[in-house]
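Everything below concerns the one structure shown next.
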Amino acid sequence: MRKLKFFPYAFREYLVLVVVISLSVGMLNLNSNSQIRWLQSCVLSIFGTFQQVVCWFSEYSDLKKENEQLRQENIRLAYEN
């Protein structure tokens, strides 16, 4: 409980950074300038690419688990015959 109490103080720089970035993003979303819209589209493209890479790794991990489960089931079914 004590660690939880001092958590904001230990990471206050990071918390301030998150708050400032959140405020900046919020203010950018309220702006309808064409340059801001261009910046938003670029940022979304970058994050979209990053998300695809991350999703590919998670799908790969899930497929490995499913493959192992199917392999175990095949072994079990082979013993039943």
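Adding 28 to a residue's 1-based position in the sequence shown gives its number in my numbering. Each residue gets a CB set at the ideal place from its N, CA and C atoms; glycine is no exception.
ILE49 and LEU98 have their alpha carbons spaced roughly 45 Å apart. Annotated as proximal: LEU56 and ILE64, with beta-carbon spacing under 7 Å. When only Cα atoms are considered, TRP84 and LEU91 end up about 10 Å apart. DSSP places SER60 outside both helix and strand once states are collapsed to three, so it counts as coil.
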